[in-house]
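The sequence shown lines up with residues 156 to 1069 when you count with the working numbering.
Glycine residues also receive a C-beta, built at the ideal position from the N, C-alpha and C atoms.
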Amino acid sequence: MNKSLLQAASSALRMATLLGLTGSIVVAQPAPNTTDNTKKTDEPQKLERFEVTGSRVKRMDYETPAPVASFTAEDIEIKGYTSIGEFVQSLPFNSGTANSIYQTASFTRGAATANLRGLGSQRFLTLVNGRRAVPYALVNSANRSVFDFNNLPFAAVESIELLKDGASAIYGADAISGVLNIKLKKNFSGLAVDAYYGNTLKDSGGDTGTIILSAVAGAGTAKTKIMTALEVKTENSNFIHDYGITDTDYSYLGANKGQNNNSTANWPANFTLTRAQATALGYTIPSQTASSWTFVVTGGKPTGSPTLASFSPAPASASGGAAVPNENRYNFAPTYAIYPSSDRISSFTSAEHEFNDNLKAFAEVMYSKNSTYYAFTPGVITYSTEGLSLPANNPYNPFGVALTTLSGRSNFGPVRKFDTEGIASNVLAGLRGTFMNNWDWETGVSYGYSQVTTVNRNAMRATTYQAALNGTLSGYVGKFLNPFGPSDEGLTKALFTSSTGTSKADGLTWDASVSGKLLTLPAGDLGIAAGLEMRNEKLTTNPDTAAYLGSGGGLPLTGKRSVASQYVELTAPVFKAPYVGSAEVQVAGRHEHYSDFGNTKKPKVGAKWRLPDNRIVNVMLRGSYSESFQAPALGLLYASQTTAFSSTLLQDPLRLQDPPVQQRIVTGGNPNLVPETARVKYAGVVIEVPAVKGLTFAIDYFDMRINSVIVTPSATFLLSERGRAQFPNAIVRDNTLGNPGPILRIESVPQNNTAAYQLYRGFDYEVRYQLRNTRVGSFNFVAQATQITKTGSDSGLGSGFFDNTGLYYNPEWKASVNAGWRYKDFGANVNVDWTGKYFNDNYTAAGWGENPYTLVSPSFSYAGFWNTKITVGATNVFNNRPPANGRETLLFDPNAYSAGALGRFLYVRVSKEF
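Listed below in structure tokens is the structure:
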């Protein structure tokens, strides 16, 4: 037996001993009277203990020291959202970049994630019915494992609970910025069906027709219950040209917000000549100092018989560099997609059988199949970075020497298409029961997997393309590819092929827990929960290993680890008296052993104090301190390094004379990473106003710090002044062509430093008011806001702390307001999501930022037709377009404003229960 298993077994033995001692204490208490087991029908029903997210100790009340935001399925539905991902991304405490279906260049195509506190989508834990969920098989661009919300049928959702402080001591070493617990329906009887159709109006965008059909059915006997939910969803795609964009040259927005996003990588190809080469060929460079210059096909029209006279130097820009004319650039407008088409089917089934009052068996099965179809732009062909050469003997090369500086694109053929199919499943079986009247136990075994297949259609292998330039392509020997104009039709078709890659993440988990009353103290019950968890995780990827233009291919990887965990939690009442109120303390600790990183122990301490109630105001204070540990994800360690081109044009800030281009980005894993550690401080207050029944206020403060941070900085950030200071070696240049020379590649790979840290400080505010059963109906009002007071990072490289508050998709303020009304069979609701201004200092204009953005989404319902409810609503009813950002090809920032990207979206929903 290896050392890791010995350590895990030793830890398990220590926990078992603890459980045994706990049981001894319980047994030592007076036994309950069991002489009469007959249940009397006239006796009051016994209230069941339940588990609240944020604590494993079952209790009789919802109030714990932990701050938990709860949302029912109806709360989500009335906001107009049709998926869990869209809803979570709309919450005020979600900030920074989060993967959405709009991001066509994302490495996790087809997935929807969130980013709590802007600390990263991997730094909060997602639970499904209280258990850890298997991550999406494709790692994100940071090689982190993330959970895909698309795997769950929205029809099966009962509620979503978000624990907003740290909870690694309770749930595991990933819960730094919080825990999202998605609770699915279990006790459902009957049949409910739902049909949904929505689309953008003609004046708001293209045909984004969305159809959702779902059904939930449940039945049972006195001992056995079973429920199943099924959902089918299909969505159409749309493109930026559907919104009146005919040209992606946004220079008209001015120097601050605009730039020409039309790419210099085009067909016919452009190329660079040194001053000596240009002079020898009879060209004159329009610059007295430039060592090299860009040349284009005059007029931008493809030519089948290129000569020296077919080409001319690009005009000089105001800064002195080459300004490639628009006729020689690629216009993204006809082919750039905002939203892909997709087909989704998902299901959830749960069953429970009661053997007796003290023993139940339960099982759950989840399955989903999500197919997403991305239309993408033709591929970039950069000769210097792909190792390509236009040989001197190519009849379409009039220069007499080989050229290795062409910048082209595959728009002489079909556009690229990415088809992503994700299949996910999870099976759980277990037993739960009670003993000694006050103790609950549960054990379960689950296996889950996520498998993703990605097909890149109309791709070109680098070797095939070079053979076509050489005139040696099999089947077309003697026929040459013309990068400046039309070529042989058969040769052109032979260049394009499909590339397929697969990835699979799977996990096997066993867990066991016990919770109960340890003893009774003067102020209440001393509760305890303890448990064990063993899980095996594995990530396997099988990419196409060939080098394709625009992508360097990849290598297969297999990463795996085992984790053994033990935890214990105590909830102790401190006092309870008329003039001082009541107080409770929560203490938790967790020990984990990782097969690849060793051991860690992390604590959590929390407390709440409810002050004495009075006629003016009722106050509850609460707070917590917790520590966390996160081992590098398997993808961070083992992902092979690959290359691709940026989806947007990027300006080299050190060579402003060069036009913005699609830069070559290197991504991949780093086996030299070390774990991250974190600490989270929380303090909050909840205030009730008895004079105004139903009115409550809440203020929560969070202080989160992550040490030895693992970061994968984006190419945009690496190009910024701050990025260059923090990661000076991430941009690799060709200094033989100048000092600094042009960029060869940007290495966006994960890195950490023991001196590095990431910080988040901020407040959550909430106001709730409920006015029930008036003559004109019932009213409900909820307002939530998040204020970031400080967020940023220190790379540990001596450049100091970089405060990103209000920068890089982290607006200082975000808010959501919802107001609803119900009267008999009628209902109305309006939801307002507001995103405050943020700045981006990557751009040359000091203080340039996005304007505040508001989305208003109303809905109306009527439920008076034979148990049928009809809802009509609109998302973004005023068709408020995201703030114009000419630095983005979409003309808006998809990281911050994807919710309003489709424009005014109208929908109708019909729901019926039988």
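Collapsing the DSSP output to three states places N611 in a strand.
For the stretch 577-662, the continuous beta strand (DSSP E) assignments of 3+ residues that do not extend past its boundaries occur at 594-615, in sequence order. Contact check for A885 and E902: beta-carbon distance about 5 Å, within the 8 Å limit, so the pair qualifies. Under DSSP, F956 forms a beta bridge with D949.
The stretch 549-561 makes no contact with the stretch 401-414, as fewer than three CB pairs between them are under 8 Å. Apart from sequence neighbours up to five positions away, the residues of its chain that approach A938 with a beta-carbon distance below 6 Å are V922 and V972, ordered along the chain. Between the C-alpha atoms of I440 and N425 there is a straight-line separation of about 15 Å.
When Cβ pairs closer than 8 Å are counted between the two stretches, the stretch 430-437 is seen not to touch the stretch 767-784, the count staying below three. One alpha carbon belongs to V582, the other to S523, and they sit about 12 Å apart. Partner residues in the beta bridge of P1013, as assigned by DSSP, are V985.
In the three-state DSSP reduction, T871 falls in the helix class (H, G or I). The C-alpha of Y326 is placed about 20 Å away from the C-alpha of K763. Residue state for F242 is assigned as helix, using DSSP reduced to three classes. Boundaries around N1050 are those of the alpha helix (DSSP H), P1049 to Y1052, since no beta strand (DSSP E) includes it. Where N773 is concerned, the enclosing beta strand (DSSP E) starts and stops at N773 to Q785.
The C-alpha of N566 is placed about 8 Å away from the C-alpha of G534. R927 counts as exposed, since fewer than 16 other C-beta atoms from the protein chains shown sit within 10 angstroms of its C-beta. According to DSSP, I683 shares a beta bridge with G671 and L725.
In the DSSP assignment, K412 falls within the unbroken alpha helix (DSSP H) covering G409 to K412. Contact annotation: N1031 and S1012 have beta-carbon atoms nearer than 9 Å. Pairing S1066 with A347, the inter-Cα distance amounts to about 7 Å. According to the DSSP assignment, S539 belongs to the alpha helix (DSSP H) that extends over Y538 to E541. S654 is positioned such that its CB atom lies no closer than 9 Å to that of A330.
In this structure, N486 lies near T403, with their beta-carbon atoms less than 9 Å apart. Between the alpha carbons of N697 and A940 lies a gap of roughly 43 Å.
Taken in chain order, the whole beta strand (DSSP E) runs of length 3 or more contained in the stretch 864-948 are 886-888, 898-902 and 912-929. For H746, the pairing in a beta bridge is given by DSSP as Q721 and K756.
Exclusion of the five residues before and after A516 leaves H508 and L586 as the residues of its chain whose Cβ lies within less than 6 Å of its Cβ.
By alpha-carbon distance to I395, the top candidate from A492, T608 and Q721 is A492.
Its chain contains P247, T941 and T990 as the residues whose beta carbon lies nearer than 6 Å to that of K969, once the 5 sequence neighbours on both sides are disregarded; these appear in chain order. Annotation: the continuous alpha helix (DSSP H) that includes D230 extends over A228 to I233.
Pairing L1061 with V1027 gives a Cβ-Cβ distance under 9 Å. Residue pairing by DSSP places V847 in no beta bridge whatsoever.
C-alpha of A788 to C-alpha of S300: approximately 6 Å in a straight line. Beta-bridge pairing by DSSP links W1021 to no other residue. In the pairwise beta carbon analysis, the stretch 631-649 is classified as touching the stretch 614-623: at least three pairs are separated by under 8 Å.
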